[in-house]
Every structure is written in structure tokens, then in C-alpha cells.
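For reference, the structure discussed in these notes is given below.
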Amino acid sequence: MVATESTIQTVKDIERYKYGFETDIESDRAPKGLSEDIVRFISAKKEEPEWMLEWRLKAYRHWLTMEEPQWASLHYPPIDYQDSYYYAAPKRREDGPKSLDEVDPELLATYEKLGIPLKEQEALAGVAVDAVFDSVSVATTYKKKLNDLGVIFCSISEAIREHPELVQKYLGSVVPQADNFFSCLNSAVFTDGSFVYIPKGLRCPMELSTYFRINEKNTGQFERTLIIADEGAYVSYLEGCTAPQRDENQLHAAVVELVTLDDAEIKYSTVQNWYPGDENGKGGIYNFVTKRAACRGRNSKVMWTQVETGSAITWKYPSCILQGDGSVGEFYSVAITNNRQQADTGTKMIHLGKNTRSKIISKGISAGRSEQTYRGQVRIAAKASGARNFTQCDSLLIGDQCGAHTVPYIESRNPSARTEHEATASRISDDQLFYCMQRGLSAEEAVGLIVNGFCKEVLQTLPMEFAVEAQKLVNISLEGSVG
Amino acid sequence: MALIEIQNLHASVDGKEILKGVDLVIEPGTVHALMGPNGTGKSTLSNIISGRPGYQVTEGRILLNGEDIADMEPDQRANAGIFLAFQYPVEIPGVASSTFLKAAINAKRRFQGLGEIDAMEFLKLVKGKAKELGIRDDMLKRPVNVGFSGGEKKRADILQMALLQPQFAILDETDSGLDIDALRVVSEGVNSLRTADRSFLVITHYQRLLSYIVPDVVHVFAGGKIVRSGGPELAEELEAKGYADYVSAA
Chain S
1 MVATESTIQT
11 VKDIERYKYG
21 FETDIESDRA
31 PKGLSEDIVR
41 FISAKKEEPE
51 WMLEWRLKAY
61 RHWLTMEEPQ
71 WASLHYPPID
81 YQDSYYYAAP
91 KRREDGPKSL
101 DEVDPELLAT
111 YEKLGIPLKE
121 QEALAGVAVD
131 AVFDSVSVAT
141 TYKKKLNDLG
151 VIFCSISEAI
161 REHPELVQKY
171 LGSVVPQADN
181 FFSCLNSAVF
191 TDGSFVYIPK
201 GLRCPMELST
211 YFRINEKNTG
221 QFERTLIIAD
231 EGAYVSYLEG
241 CTAPQRDENQ
251 LHAAVVELVT
261 LDDAEIKYST
271 VQNWYPGDEN
281 GKGGIYNFVT
291 KRAACRGRNS
301 KVMWTQVETG
311 SAITWKYPSC
321 ILQGDGSVGE
331 FYSVAITNNR
341 QQADTGTKMI
351 HLGKNTRSKI
361 ISKGISAGRS
371 EQTYRGQVRI
381 AAKASGARNF
391 TQCDSLLIGD
401 QCGAHTVPYI
411 ESRNPSARTE
421 HEATASRISD
431 DQLFYCMQRG
441 LSAEEAVGLI
451 VNGFCKEVLQ
461 TLPMEFAVEA
471 QKLVNISLEG
481 SVG
Chain F
1 MALIEIQNLH
11 ASVDGKEILK
21 GVDLVIEPGT
31 VHALMGPNGT
41 GKSTLSNIIS
51 GRPGYQVTEG
61 RILLNGEDIA
71 DMEPDQRANA
81 GIFLAFQYPV
91 EIPGVASSTF
101 LKAAINAKRR
111 FQGLGEIDAM
121 EFLKLVKGKA
131 KELGIRDDML
141 KRPVNVGFSG
151 GEKKRADILQ
161 MALLQPQFAI
171 LDETDSGLDI
181 DALRVVSEGV
191 NSLRTADRSF
201 LVITHYQRLL
211 SYIVPDVVHV
221 FAGGKIVRSG
231 GPELAEELEA
241 KGYADYVSAA
């Protein structure tokens, strides 16, 4: 059988989402649906100050006037926003865990199953983890050590209570409430997420990491992450996500805001592996995420790296607003879609400052009957003299029933700016497959090897311990995509 | 028992018959040369033996150590000991040659029930063999065949052969595009692998290669089958007279 034929035939066999288990744990939930009362309920549960409640209500009222965006190349039935729970928390003692020893062992076991040991003594050396289970953050490791350095790494709920001045100054300053439909919804109902502040001049000595897990049925997850790197600071931040395997679709609408001041740098890496649905497109996470960085300071830098393998639907454009002169934005992306997955993803690089630079490397791999779109915008403002952008978009197709689309927008208002765009689309050739198999590799191994080669440039930008995971994930995501 | 036995093999591509009754017996430890004009099906034969998709075997069979290989996938055939040195080695961007070699060695080890090769052992093994073939270390870091010269590609293929130690190797016009120095290195590499139980099928247009890799048996291939067989002297005769007689006969 010709390899491409067998590819298509066996693509349907994939059903190996190894994170698809469910944790049986009692939970505390808000009533189903969305209303001002629910927003108040969430705020009360979080013991938030009045200003936060007002902020949420303002967002909620504005959201009611908005409409879901339709411009992405995504097809899904209308989402009923009243048919979801907006708050779910593992039940615990009234006062909450003071230390990891008080965290429900059932929860720790869940994270261990996911390969995320939360017990500090077992944790990966040099990686501090904040774990978010459904709507709440359950544990943050290495807290004390980080505190001593002046780093604030905690759940956003805690930050709202403990560091209101920082939260009030930066929350919504990169992604305004009314920015888009999903960010506005998030602003009203976000339940938890991580907060990071790196003080002036500090190079954070360990990787910071957040692990998101949706466990509850019919729950939406709306997390909010805010990271601030003060002048001359540096931090590398990792984000991982999984969810149980369920027949119904679950909504995930997160907002991530990054701020870098003069000479600061944030490296933000995501390995997104939400449940993608089964081979017929049943179930899976709807992932509508707004991620944006403001490079406010001179010579500041933000580097986004994402490995997107999960979700039934992905709508995500991690972007950089390059305000500070000489600031740098980089976006490295690997997106893999299989079966019926749909992904519309890319980035925006908005050049406002002089001599700002951006680089976009996007690698899309489509298999099965999946559809993938790279959507990117490079905008160079009139004042951004000397701005430069380089964009490279490569698509790799496996089989002949998937689609890959590239939609770049480039807008330059400054004559001294330079933009470059390169794009390729290719297929794993039968010759490559046969060559590998003639050397003894199985078809799956061969595809894994070829695909890993294809996205190597991006995987290399991940922190080491993540890169190995990501490589394995690439193989798992494409299991069954050839026969 | 013969290592390879091909019995009355007929095969076609898209309904067009290319092989029209090939009979060939290869004993262990022998080198067979297959010579003939272009477009007569020599490469088709090597592709079918190694299991490349896209060909239909309509009649006959191929036995490896007495067993019919019809139902074996290309990787199973490879692990069972069949190696094809490609006429046009394929490029795999982004995959370092050393990564590829390691994957191939481990695939074979898995097949043999062994664990993965130790990283140090692998390096030592590869560097040793690479040196013998005049392959520089930096070539091992470069992506598989990407930007390799013709000679480098062929040498890289022979390196794979040296590492995988197949029972039966087919060299499909390995000499094409090689200058005289590369030809010598490649030939020496092949000769060093000649053992009492390993056999080769060397496909070539020219007698040139056969003065380096001296065959035990020479076959003339024309019109989709073997039309004449003889000793090494047959190759010299072909060099002198060309294939005209066979082309008109076929």
C-alpha cells in the first residue's frame, strides 16, 4: 500500500491521550450558569477586596454587549455560556492548606501521575511549580526560597490579597478587559492563575512553572497569569496543561499578561496538551486564549515558545507590543493537529519603538482531517524607525485530508523598517518514509523522527527538561498517523 | 540453503509490467553483479526486494533464508537483514545523521531483543567506522544527506551498512556520481564487509565498479529479466561490446 493511503487509513486509530484520567475528589462548585451573582460568588469565595469585585463586574457588564468573534477559521457549534460551571474547587478545610503537607494526598497523587511532583524534595531541581486544579491554585513549591530573593511567585488570588498595589497597576494593562470577547469573559470570571514579580536586577535562579489541570465536569477554566519583570530582571516561565477525557466540550479561556521594563527579559514556554477530543471530534477542550506581552522598557525582551498538541479548538495568538526602543519580541511555535482538531494560531508583533526587532518561527504539522491556520500580524508604526521583522512559517502535512493555511498580515508605516516573510508547505514524502523504514524504523518512529527534525528549531528554544517532554509529546500526538 | 532465492518474479507499476520472470539464486558469501541498460527494471527489482510500496508482484516469490517475504513490511525486511544502498539517498532536514544512525541501530537491537545502545559505545562505534570510510565527524552532526555531495551521500549510506551489518546488501548504482577517489573508498568499505555468510547484489551500468568490487557472478539484465549469467569475465565483455545485443534481443 502506498504510504499516504495507509496514513489516512490509520489516522483514525489514534486514541491515546494518556492524561485522560479523572480524579475522584469532592469539590465545591458555584451553581451552573453565568450572572452578576456568579461573579460576586467567585469574588466572595476568593475573599477579594471591593475594587476587584468592581473590576470583575465592569468586565461582566461589558461582556454582555459583546459578540463572539467569527473571523477565525474555526467551526464549532455555538457555545452555551449558561451551561457551564464557572467555579469549582477541590473541597478542603476552611482555612486552606498552609503547606504542602496539608494538601489533599489525592491531589498530590494526581499531579504525580501527570509527572509533576509537588513535594519539594522530589521536585525537579531548580523548577518551582504552581499547580492549578480546576479553579484554584493548590500548591506553590519553593515559595520560601523565592521569597528570600524578593521574587513573588504565588497564585493570582493570593497576589490580589497580598500585593494589591502591583496587581492594580498591571492587571489589564496589557490585555484590557474589553480587548476581545474571551478576555472580557475571563476578566469577569477568572478563578485563579499565577502571579510573578521579579525585582530589579534579579536573574531568577530557577525556572518557574505552572501546571493547569481541568478535572471537574462541565467546568470552564479561566485562569489569569500576570508576570512582571522589573528593570534588568530575567525569568523563564513554563506552563503545562492537561484535562481528563470527556465526551462534552469544555471551555478554557485564559489571559496571560507579561510586562518587561528596561533591560528585562521574560521567556515564556507553554506545552499545551489539553484533551483534543476523540478521532471523530467528540469532546475536547475549546481553548480560547489571549496572551500578550508589553515590552515597555528599552532593550527589553520577550520570547514566547509554544508547543500546541492538544485541544479540539485552539484560538491563540501570543503577541508582543514592542514599546521600548530596542525591544525584542520572539515567537516560536510548534502546533500539531490530528484527527478533527482545529487550530487557528499565530502571533502579533506590534513595533512601536525605534530599532525594535521581532522574529517569528512557526511550524505547523497537520494530520488526519485536522485544519490548521497560521494567522500573524506584523505592524510597524510610523515612529518605529529601524524596526525589523523576520517571519518563517513552515507547514508539514501528513495524509491528504488535512489542511494548512497561512494568513500573514504585514503593515509597515515606516520606510526604514525591514520585514521578511518566508513560508513553505511540504508533505512527509513516501521516499523519506521508505528510506527510514529500509533502515529498520517502524512507520511511526519514522514519522516521529521526521517531524521532530521539522520542528527542531523551535523545540531547541525550550528549557532542557521541557524539550525532552515536548519531543515525546510530538511522537505521541502523531501516533497512528501512519500505518 | 540459498540466502536469497527469487523465483519467476513478475511485477508491475500502475498496471505496466516491469519484471517479466526474474530467477536468481544468491548463496551466502557471494557477490552478484547485475548489469544492464537503463530502464530495464534493475532498480525495480531492488525496490521490490526491500519492500518499497507502489509495486504489484503479480507472480512468483522472493525467499530470504527459505522464507517468503511477501507479507513483510520494509522495516521488518530491514531488520531481517536486507539492506538497500540507495541510488539517490534521501534528505531528512533537521535530523542529525548521528541521531538517525542511533535510531536505526536501536531499531535493529530491539528486533534482536537487546536494549538500546549505550551512548558512549555508540559514539565509539560510529566514529571508528566513519573514520574508515573517510567520513569527518562534522558530517555526523549535519542533517541526514542535506547538503551532502554525491560522494558524501554514498559514503553515508555505506556507513549505515557497516553499522547495521546486514546479511544481504543491495547496492543500487552506488557508483553513479562518484569520482575515482570516492569510488575507491566506497568499494573498500564494501570489500571490508565481505564475509563467508554475507552476500551482495551490486547493480551497475559500468564495469568500472567491478574492478574494485570483484563479483563471483555477473548477470545481464534486459527486458525485465536476467538474460545471461557468467563469471567476472562477462563484465569485461559487456564493457567492450555494450548492451546492444541484449537490447535488440529483449
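Chains as they are written, first to last, in full-length UniProt numbering: chain S, 1 to 483; chain F, 1 to 250. Backbone N, C-alpha and C define an ideal beta-carbon position, used for all residues, glycine too.
Assignment of F:D157 by DSSP, reduced to helix, strand and coil, places it in the helix class.
A straight line joining the alpha-carbon of S:L64 with that of S:A188 spans about 11 Å. Residue range A443 to F454 is occupied by the alpha helix (DSSP H) that includes S:E444. Contact of F:L84 with chain S is assigned, a C-beta pair being separated by under 7 Å.
A direct Cα-Cα distance of roughly 11 Å separates F:K127 from F:D138. Going by beta carbons, S:W315 and S:Y268 fall outside the 7 Å limit.
Secondary structure note for S:E411: its beta strand (DSSP E) is the uninterrupted segment G403 to S412.
Close partners of S:Q438 in chain F (Cβ separation under 7 Å): S50, P74, A78 and L84.
In the DSSP assignment, S:S370 falls outside any beta strand (DSSP E) and carries neither an H nor an E. DSSP places S:W55 within a helical segment (H, G or I) once states are collapsed to three. Listed in chain order, the positions of the stretch 424-449 of chain S with a beta carbon within less than 7 Å of a beta carbon of chain F are D430, D431, Q432, F434, Y435, M437, Q438, R439, G440, L441, S442, E445 and L449.
Cβ atoms of S:L258 and S:I227 come within 8 Å of each other, at about 5 Å. Comparing alpha carbon positions, the residue from F:A11, F:A130 and F:V247 closest to F:A70 is F:A11. S:V302 carries a strand assignment under DSSP once its states are collapsed to helix, strand and coil.
S:D344 is a Cβ neighbour of S:R375, given a cutoff of 7 Å. Counting the other Cβ atoms within 10 Å of the Cβ of S:R296 gives 16 or more, which makes it buried. Contact annotation: the stretch 225-236 of chain F touches the stretch 193-212 of chain F, with at least three C-beta pairs closer than 8 Å. Interface criterion not met: the Cβ of F:G150 is under 7 Å from no Cβ in chain S. A contact between stretches requires three or more CB pairs, one per stretch, nearer than 8 Å, and the stretch 104-112 of chain F fails this requirement with the stretch 447-467 of chain S.
For the stretch 105-138 of chain F, the residues whose beta carbon sits under 8 Å from a beta carbon of chain S are, in order, A107, K108 and F111.
The Cβ atoms of S:T290 and S:V255 sit closer than 7 Å to each other. Within the stretch 348-377 of chain S, no residue places its CB atom closer than 7 Å to a CB of chain F. DSSP places S:A312 outside both helix and strand once states are collapsed to three, so it counts as coil. The CB of S:F390 never comes closer than 7 Å to any CB in chain F; the least such distance is about 19 Å.
Residues of chain F whose Cβ lies closer than 8 Å to the Cβ of S:K144 do not exist; the shortest such Cβ separation is about 38 Å. Look at the stretch 452-478 of chain S: the residues with a C-beta under 8 Å from a C-beta of chain F are N452, G453, F454, C455, K456 and E457. Contacts between F:I92 and chain S, judged by CB atoms closer than 8 Å, involve Q432, Y435, C436, L449, I450 and G453 in chain order. Cβ contact annotation for S:R340 (same chain, cutoff 8 Å, sequence separation greater than five): G277, E279, N280, G281, A312, G368, R369 and S370, in chain order. The closest CA to that of S:Q377, considering only S:Y435, S:I350 and S:W71, is found on S:I350.
Here the alpha carbons of F:T44 and S:D430 stand approximately 16 Å from one another. Taking 7 Å as the cut-off, the beta carbon of F:I203 is found closer than this to the beta carbon of F:E173.
Straight-line spacing of the CA atoms in S:Q272 and S:K363 works out to 15 Å.
Among the residues facing chain S, F:V57 is not included, as its CB has no counterpart in that chain under 7 Å away. Around S:L449, the same chain offers no residue with a beta carbon nearer than 6 Å, after the five sequence neighbours per side are excluded. By the rule that beta-carbons nearer than 7 Å mark a contact, F:A103 touches chain S. Counting of Cβ neighbours within 10 angstroms places S:P205 among the exposed residues, the total staying below 16.
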